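Engineer: If you scroll down you'll find the structure; I have some questions about it.
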Amino acid sequence: MPMLLNGADWATALVFVPLLAALACFLVPRAADWLGVLAALLILLATLGLVQDLLSDGPLRVAVGGWGAPLGIDLWADGLSAALLLMTALVGLGVSVYAPGYFAAHPQQQRWFWPLWLLLWTALNGLYLSADLFNLYVMLEVLGLSAAALTALSGSATGLNAAMRYLLVSLLGSAAYLLGVALLYHGYGTVDIALLGQRIEAGAVATTALLVMAAGLLLKTALLPFHFWLPPAHGSAPAPVSALLSALVIKASFYLLLRLWLDLFSGLGGLLAALLPELLGLLGAAAVLWGSVQALRQRRLKLLIAYSTVAQIGYLFLGFPLAGVQAEEVAWRAVLYLALAHGLAKAAMFLSAGNLLQFAGHDRIADLDRAVQRLPLTLTAFVLGGISIMGLPPSGGFVGKWLLLESAFTQGRWGFAIVVLLGGVLAAGYVFKVVGYAFTPTEIAQEGEAVPLRMQWSALLLAFGAILLGFSAPWLWPLLGVGDPFGLPIAEVGAAR
Amino acid sequence: MIPAIDAALPPNAWLPLLVLASSLLPGLVIFFLAEQRYWTRTLLNLAGSLVKLLLVGAMLWGVFHQQQYAASLPLLPGLDLVLRVRPLSLLFLSLSAGLWLLTTLYAIGYLEDSPNRSRFFGFFSLCVTATVGVAMAGNLLTFLIFFELLTLTTYPLVVHRGTEEARRAGQIYLAHTVIAGALLLAGTVWLYTLAGTLTFTTQGFVADLVERHRWSLIAIFVLLIIGVGVKAALVPLQSWLPRAMVAPAPVSALLHAVAVVKAGAFGIVLIVYDVFGVEVAAELGVTKPLALVAAFTILYGSVRALFQDNLKRRLAFSTVSQVSYIVLGVAIVGPLATVGGLVHLVHQGVMKITLFFCAGNLAETLGIHKVSEMNGVGRRMPWTMLAFSIGVFGMIGLPPVAGFISKWYLGLGGLEAGLHWPLFVLAGSSLLNAAYFLPILHRAWFCEPPEAWPEERDFGGNKETAWLLLLPPLVTAALSLLIGLFASMPFTPLEWARLIAEREFYQP
Amino acid sequence: MSLLPLAIDLVLALTLLWLAWRALNSPDLFRAVVLFIALGLVLGLVWVRLDAVDIALAEIALGAGVTGALLLAALAKLQPAASQTDELQTAELQTAELQTDQAAVMAPIALRLFIALLLLAFLAGLGFAVWQLWVPAPGLSNLVEARLDESGVAYPVTAVLLNFRGYDTLLELAVLLLALIGVWSLSTAPHLGDEEPEPALAALSRLLAPLMILVAAYLVWVGAYAPGGAFQAGSVLGAAGVLLRLSGWRLSLSATGWPLRLVLVLGVAVFAFIGLAVIGFDQPLLGYPPGWAKPAILAIELAATLSIGAILAALFIGGRP
Amino acid sequence: MSSVLVFALAGLGLIGLGLYGLLVQRHLLRKVLAFNVISSGIFLLLAGLARRAPGAEPDPVPQAMVLTGIVVAVAATALALAMMLALRSATGRTRLEDHGDED
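Dropping the structure here:
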């Protein structure tokens, strides 16, 4: 296969397989379950193909339609995109295997879940592969609309309320982003990231563009204090949707912010370029602490996991001050590890919560009623995911925190180091709060509904993924370096191929 | 006497990995066994522990003859997960492997017919896996990883009973160990950013940093010691230990004698000798405060034990006290004290597990949980109480039981280092030990038994209790006698501790 | 530079702002929507003044027309009198809501002031940035001009939409479809208009619908040379569908299943199919082989027009069949 | 050129008014209107500024972008309105509930 297909083909497949599968699922709902899983497998295959290609041939630039930037739209794949694509493929496959089990009880939801989720996947893959600011805007909109529609799928009052709020937030975020695109286009005559990276200069235009785009993307990423929409949305959506939202959707807007920062704005210098990372770091630190404390206070499992996401988002932003304008690579790699680990682990945790919900008919933490022996696989998945979230070894979360701490200690940023450690301790608090109650019986023993094995195993395998990520350095480390995403701007490396 | 190292031979990677696998794999399989598959589970348990014991034995022989055992797995660029078997590792390894076998036997008898045995034995095996991982850690990162795994795998054992009390105890246990883990992590990363390596080295790897980073090193030392000190139950970090007594008896035995507290004490040994190097640590001025903390802990634990009526709690406070003997030996700079501390790692394990086995037997057979219920129990359960008595004599430090050897070396070590106060601490502690243990023996052997025991179980015939419950304490009691009597034979803990001190810590 | 055009522009701009303000603050929702539609129409004029006839067409057809129709339809469903399915409880809740105290409608005054101040500061900053843009950067006009011949169409905007940046347009079609899937996931179509339509309306639609289909076809065809194209054409087609529906025309039950869905996905499917098929001819993704650009684009536009029309009409009806 | 300036300022004005409406108004229909006003303002900037270079044809690229943007806005509006109606029929409300956290 690698002989027949090149990197460009794999990249094409990553966008078009989910797109066409979405159409097919919409057309033939009866076949959606297996079409969806088939598409997920194909996407994973394409991702592996792309990763293989990147590792052997370096970063990839594809001119769609053959025009090339600035006239046409270019695709771009480097280590940063590949890592996120891979995480998306794994989580996507896990959720796709899980979903038929979950939605068996809700055929009406199942029917819309598939096309919406596959369109969401199209947007995620498209976003990670795009090198064009306006194309990224369109991807953001596909992402936002499909995510909001998925959130509303449960049809409950809380779900609809949360989805409506999410939709408005998402639209506002994309609008702000588009405003920044407008400014940049008129300032520098292109929307290609690499070309912009060469042309952009410090000044009011760049500053304003940075501010509005960052604001829009922060809103979508739910960094404190923009997190208000997240817990209700992630807490009330159907479990597989919560998993997608928490694991994947917020990563996409974070990725875009990171990409813009690395390739366009971090090199601009000036007061803003110095202050913004510090501000983001402070907000991130506040998010870690606030989100964790809120998670500890929750009585409902899904809300607890949702607040944990608020906290985990905070970690991602600690990379900005720690990397600084000198692009301290270790900090960015730490952030990437944390993002990947969070994706896998959080998906596992939400899917586990879905199992517990299906089993008991509720998700009150204090009434988990011996879930440990009644749903051992699910609880194992929850705990293994939790281990990575806490940053305990061996796990992807541990590697991420280790690198983040390393960066903080090297630079003497004690405050951030303390936040990282404290966040881990608080995370252990809320994860084991759940686990503790899973050992105790309730006064009146409850009968549970059966939970299909595919739901239990998909959660468990995702959690294993989060753990195994801790051992992935031998191949993930070189992959992250492909195209030097954390160093030079795209264009200078891109010229090589 | 000792053959030279054959540098041409690559280190053997299989044995360390097999040692891990011999408990990991059975553990994982056991999780999936149905509750009623008693014989399959037992077979797996016993096969695993026997194989582990054999492997450890083979490595003991090999290391004595200067064989190298090491395996590694890259985790991060420049940082590997390293297993390396050295004489020091073997001290802890053989203790774990030996006592695991006995505790498994005991647990099989103890948990007969109780629910969730597959889960119990699964975590039990994982816990041992983590312990041997700690023992074989070749660098601080590996140590940290297995140390945290130990926290995770012991938690389900602590809350095993699923009562509200057990859940609370579990939360407290976690609160202590997780915070400690965070500090350990902080210290480790910080050290790594300064030193650029974490590989355990004879006489430490920080000597070059002392001049430039004196205060950082002191801070790191404090972080690391607190990080492992919680598990070693150093005062004031000890409060989780007595509460964790809600766990089933085999767990208490394991927590107190082998896995958790010993991992903590072992960690202190590693930090002082292989991270800092005892001379560097002394030069930094951190060993003296550590010795004082240890001394205080010794006395504090003993005093608290005096006032406990609950037998297991009394034993728990006794553990708090006894583990710090090890720390004291480590913190007094000098070969003899080191030998005393190291040898106590093993001695205390063997003796304390005897006591816990016996306490479990009393609870399981007669429903006795309190000291005040033990009147005349020696007549009803003579063999159990015989074993208990030997353990007690060892704890007090009466010759020829093993405890005497430890105290002898610790005292001598203190004198060798020109210190007199350790002697007083040891003497005071022995008096206190006698004060809280001898009344128990008096009650058991010389008081009249009550008309009925709190909750007596019949094991058929005239048996005092199930043989699976009786055998392990008898074996460990015999062991504590033997390793005391024949302390200077080769391959005894004492001789091995001397070998470690000679080969690793005090090279000319 | 004469003053008259400038005066006209000023008046247009002020009208825009005034309409926006009124649309957002009018106490009556119906008036708000009507004012919003008016805003769309004035915007259309503004686009004409800016020589952007395509956008003007799209703004009037989509921004004012379709959006306005959607808003009015939603408003109709919100009105308590019109809603037949609503249960008593919700009706009560509504009346409670209609007795609006100020706080229920808007944020408290202090907060509003704060927001207003913040926004002014933001606008000042944004204005400054726009001012800095005054020196024109080289846009892409020349590049588009230079390669227009290769694109298969003679009109630059269409060339950009369907060739140079065709990837965007493909996804844009997907967005429309996505919105429809989302709408369908939320509710079933209401049984509105089961009563007899007004005879005048029915007669008018019979007359207008074929005409509109013709207009749509013309718009697609003309897009290759002049303002027009699939989206404008699609909205005209959609309007025809709406009109037919209002006049009582229904899809037969057998057609609301997969045949309807097939029409809905046709635009994306054909676009994606052609975009991928060219790879087999050694072309890059979405790169039409030389000489084939024109027919390819025409095929895509026809399929897209059909789908857009169907999707817009379905969005207007709201809810799955 | 100055008419471009006028419309650019009008675009800014629309953005500001729309943002104000989005943040201040509670009725969801008004929020949807406000979102559309914001979008219009941004489109005015995006395509309007393309006209600031004197003479010749306007730059077709931003025009195409605005066309795309308008379609996306229509799609978003349709979804938002449908969601609003669904919320109404589930809760009887046309506003967002602030304390959606519990239950």
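From first to last, the protein sequence lines are chains A, B, C and D. Under the working numbering, the first residue of the first sequence is numbered 15, with each subsequent residue one higher. Under the working numbering, the first residue of the second sequence is numbered 3, with each subsequent residue one higher. Under the working numbering, the first residue of the third sequence is numbered 67, with each subsequent residue one higher. Under the working numbering, the first residue of the fourth sequence is numbered 536, with each subsequent residue one higher. Quick reminder that beta carbons are idealized off the backbone N, C-alpha and C, glycines included. Note that the coordinates shown come from a computational prediction; the quantities given were computed from them, not determined experimentally.
1) Going by C-alpha to C-alpha distance, which of B:Leu440, B:Ala480, B:Asn435 and B:Ala499 sits closest to B:Ser304?
2) Would the beta-carbon of D:Gly553 fall within 7 Å of that of D:Val572?
3) In the DSSP output, which residue or residues are listed as bridge partners for D:Thr626?
4) So for A:Leu389, helix, strand or coil by DSSP?
5) What number of angstroms, rounded off, separates the C-alpha of B:Ser25 from the C-alpha of B:Ser51?
6) Looking at the C-beta of B:Val87, does it have a partner C-beta in chain A at a distance below 7 Å?
7) Between A:Met178 and D:Met619, how many whole angstroms is the CB-CB distance? I'm expecting something under 8 Å.
8) To the nearest angstrom, how far is the alpha carbon of B:Ala318 from that of A:Leu64?
9) Which residues share a DSSP beta bridge with B:Thr201?
10) From the DSSP secondary-structure annotation, give me the bridge partner or partners of A:Ala91.
11) Tell me which residues share the same chain as A:Glu26 and place their Cβ nearer than 8 Å to its Cβ, disregarding the 5 neighbours each side in the sequence.
12) Is it true that the CB of B:Ile334 sits closer than 7 Å to the CB of B:His346?
13) Looking at C:Phe337 and the ligand PLP, is the gap between the Cβ and the nearest heavy atom below 6 Å?
14) What does D:Leu580 touch in chain A if you count any residue whose Cβ is under 9 Å from its own?
15) So B:Ala419 is in the beta strand (DSSP E); what residue range does that whole segment cover?
16) Determine the closest residue to A:Pro84 out of A:Val205, A:Leu99 and A:Ala361, with distance taken between C-alpha atoms.
17) List the endpoints of the continuous beta strand (DSSP E) containing B:Val108.
18) Nearest-angstrom Cα distance between C:Tyr291 and A:Gly501?
19) Can you tell me whether B:Asp210 is helix, strand or coil according to DSSP?
20) Quick one: give me the first and last residue of the alpha helix (DSSP H) that B:Leu26 is part of.
21) Cα separation between B:Lys354 and B:Leu400?
22) Among A:Gly284, A:Phe331, A:Gly281 and A:Leu318, which has the Cα closest to the Cα of A:Leu271?
23) Going by C-alpha distance, which of C:Leu342, C:Gly375, C:Thr133 and C:Ala299 is nearest D:Ala613?
24) For a cutoff of 7 Å on Cβ pairs, would you count C:Val241 as touching chain A?
25) Do B:Val180 and A:Ala442 have their C-beta atoms closer together than 7 Å?
26) Quick check on B:Tyr71: does DSSP put it in helix, strand or coil?
27) By DSSP's criteria, C:Thr254 is part of a beta bridge. Which residues make up the other side?
28) Taking just the CA atoms, how far does B:Phe298 sit from B:Val288?
29) On the CB-based measure, 16 or more other CB atoms within 10 Å of its CB, does B:Phe34 come out buried or exposed?
30) Name the DSSP bridge partner or partners of B:Ser304?
31) To the nearest angstrom, how far is it from the Cα of B:Tyr188 to the Cα of B:Thr133?
32) According to the Cβ coordinates, are B:Ile485 and B:Pro495 closer than 7 Å?
33) Which residues in chain A have a C-beta closer than 9 Å to the C-beta of C:Ala321? List them in chain order.
34) How long is the line joining the alpha carbons of A:Leu296 and B:Ser432, rounded to whole angstroms?
35) Going along the chain, which residues of its own chain have a beta-carbon closer than 7 Å to the beta-carbon of C:Gln168, five neighbours each way excluded?
36) So, with DSSP's three-state summary, where would you put A:Gly211?
Structural biologist: So, from the data block:
1) The residue labelled residue 304 of chain B in the question sits at position 302 within the second sequence. Restricting attention to B:Leu440, B:Ala480, B:Asn435 and B:Ala499, the CA atom closest to the CA of B:Ser304 is found in B:Asn435.
2) Reading the fourth sequence from its first residue, position 18 is the one you call residue 553 of chain D. Reading the fourth sequence from its first residue, position 37 is the one you call residue 572 of chain D. In this structure, D:Gly553 sits near D:Val572, with a CB-CB distance shorter than 7 Å.
3) The residue you call residue 626 of chain D lines up with position 91 of the fourth sequence. Partner(s): none; D:Thr626 has no beta bridge.
4) Here residue 389 of chain A is taken as the residue at index 375 of the first sequence, counted from 1. Correct three-state label for A:Leu389: coil.
5) The sequence position of residue 25 of chain B within the second sequence is 23, counting from 1. The sequence position of residue 51 of chain B within the second sequence is 49, counting from 1. Straight-line Cα distance between these residues: approximately 7 Å.
6) Translated into the one-based positions of the second sequence, residue 87 of chain B becomes position 85. Residue-level contact check: B:Val87 does not touch chain A, since none of the beta carbons of chain A fall below 7 Å from its beta carbon.
7) To locate residue 178 of chain A, count along the first sequence from 1; it is residue 164. To locate residue 619 of chain D, count along the fourth sequence from 1; it is residue 84. So it is a contact: roughly 7 Å between Cβ atoms.
8) As a working mapping, residue 318 of chain B is identified with position 316 in the second sequence. As a working mapping, residue 64 of chain A is identified with position 50 in the first sequence. Using only the alpha carbons, I get a separation of about 58 Å.
9) Against the second sequence, residue 201 of chain B aligns to sequence position 199. Per the DSSP secondary-structure output, B:Thr201 pairs in a beta bridge with B:Asn141.
10) By one-based count along the first sequence, residue 91 of chain A stands at place 77. Beta-bridge analysis with DSSP links A:Ala91 to A:Leu74.
11) In the first sequence, the residue the question calls residue 26 of chain A occupies position 12. Sequence check: residue 26 of chain A is Thr here, not Glu. Non-local beta-carbon contacts of A:Thr26 in its own chain, meaning distances under 8 Å to residues more than five positions away in sequence, involve Val76 in chain order.
12) For the purposes of this step, residue 346 of chain B is identified with residue 344 of the second sequence, where counting begins at 1. For the purposes of this step, residue 334 of chain B is identified with residue 332 of the second sequence, where counting begins at 1. No, they are not a contact pair.
13) Absent from the structure shown: the ligand PLP. Ligands present: none.
14) As a working mapping, residue 580 of chain D is identified with position 45 in the fourth sequence. Those are Leu193, Ala196, Leu197 and His200, listed as they occur along chain A.
15) Walking along the second sequence from the start, residue 419 of chain B turns up at place 417. Counting along the chain, B:Ala419 falls outside any beta strand (DSSP E), and DSSP gives it neither H nor E.
16) Here residue 84 of chain A is taken as the residue at index 70 of the first sequence, counted from 1. Closest by alpha carbon: A:Val205.
17) The residue labelled residue 108 of chain B in the question sits at position 106 within the second sequence. Correcting the residue type first, residue 108 of chain B is Tyr in the shown sequence and not Val. Note, B:Tyr108: premise wrong, no beta strand (DSSP E); alpha helix (DSSP H) at Pro89 to Tyr112.
18) For the purposes of this step, residue 291 of chain C is taken as residue 225 along the third sequence, with counting starting at 1. For the purposes of this step, residue 501 of chain A is taken as residue 487 along the first sequence, with counting starting at 1. Answer to the nearest angstrom: the Cα atoms are 46 Å apart.
19) The count along the second sequence starts at 1 and reaches residue 210 of chain B at position 208. Three-state result, B:Asp210: helix.
20) Here residue 26 of chain B refers to the residue found at position 24 of the second sequence. Where B:Leu26 is concerned, the enclosing alpha helix (DSSP H) stretches over Trp16 to Phe33.
21) Counting from one through the second sequence, the residue named residue 354 of chain B turns up at place 352. Counting from one through the second sequence, the residue named residue 400 of chain B turns up at place 398. For B:Lys354 and B:Leu400, the gap between their C-alpha atoms comes out near 15 Å.
22) By 1-based counting over the first sequence, the position of residue 271 of chain A is 257. It is A:Phe331 whose Cα lies nearest to the Cα of A:Leu271.
23) Here residue 613 of chain D corresponds to residue number 78 of the fourth sequence, with the count starting at 1. Of the candidates C:Leu342, C:Gly375, C:Thr133 and C:Ala299, the one whose C-alpha sits nearest the C-alpha of D:Ala613 is C:Thr133.
24) Within the third sequence, residue 241 of chain C is the residue found at index 175, counting from 1. Yes, C:Val241 lies at the interface with chain A (some Cβ there is under 7 Å from its Cβ).
25) By one-based count along the second sequence, residue 180 of chain B stands at place 178. By one-based count along the first sequence, residue 442 of chain A stands at place 428. A:Ala442 is positioned such that its CB atom lies closer than 7 Å to that of B:Val180.
26) Taking the first residue of the second sequence as position 1, residue 71 of chain B is located at position 69. DSSP places B:Tyr71 within a strand segment (E or B) once states are collapsed to three.
27) Your numbering for residue 254 of chain C matches position 188 in the third sequence. Note: C:Thr254 is bridge-paired with C:Arg386 in the DSSP secondary-structure output.
28) Walking along the second sequence from the start, residue 288 of chain B turns up at place 286. Walking along the second sequence from the start, residue 298 of chain B turns up at place 296. Whole-angstrom Cα-Cα distance: 16 Å.
29) As a working mapping, residue 34 of chain B is identified with position 32 in the second sequence. Exposed: under 16 other Cβ atoms inside 10 Å.
30) As a first step, residue 304 of chain B must be located in the second sequence, where it is residue number 302. Paired residues: none, contrary to the question.
31) The residue you call residue 188 of chain B lines up with position 186 of the second sequence. The residue you call residue 133 of chain B lines up with position 131 of the second sequence. It is worth fixing the name first, because residue 188 of chain B is Ala in this sequence and not Tyr. Distance between the alpha carbons of B:Ala188 and B:Thr133: 22 Å.
32) The residue labelled residue 485 of chain B in the question sits at position 483 within the second sequence. The residue labelled residue 495 of chain B in the question sits at position 493 within the second sequence. Yes, the pair counts as a contact, with Cβ atoms nearer than the cut-off.
33) The residue you call residue 321 of chain C lines up with position 255 of the third sequence. Ordered by position in chain A, no residue passes the 9 Å Cβ test against C:Ala321, which lies about 14 Å from the chain.
34) As a working note, residue 296 of chain A is residue 282 in the first sequence. As a working note, residue 432 of chain B is residue 430 in the second sequence. Distance from the CA of A:Leu296 to the CA of B:Ser432, rounded to the nearest whole angstrom, comes to 54 Å.
35) Within the third sequence, residue 168 of chain C is the residue found at index 102, counting from 1. Confidence at C:Gln168 is low in this model, with a pLDDT of 48, below 50, so its placement is unreliable and no value can be given for it.
36) Looking up residue 211 of chain A in the first sequence gives position 197. DSSP places A:Gly211 in helix when its eight states are reduced to three.
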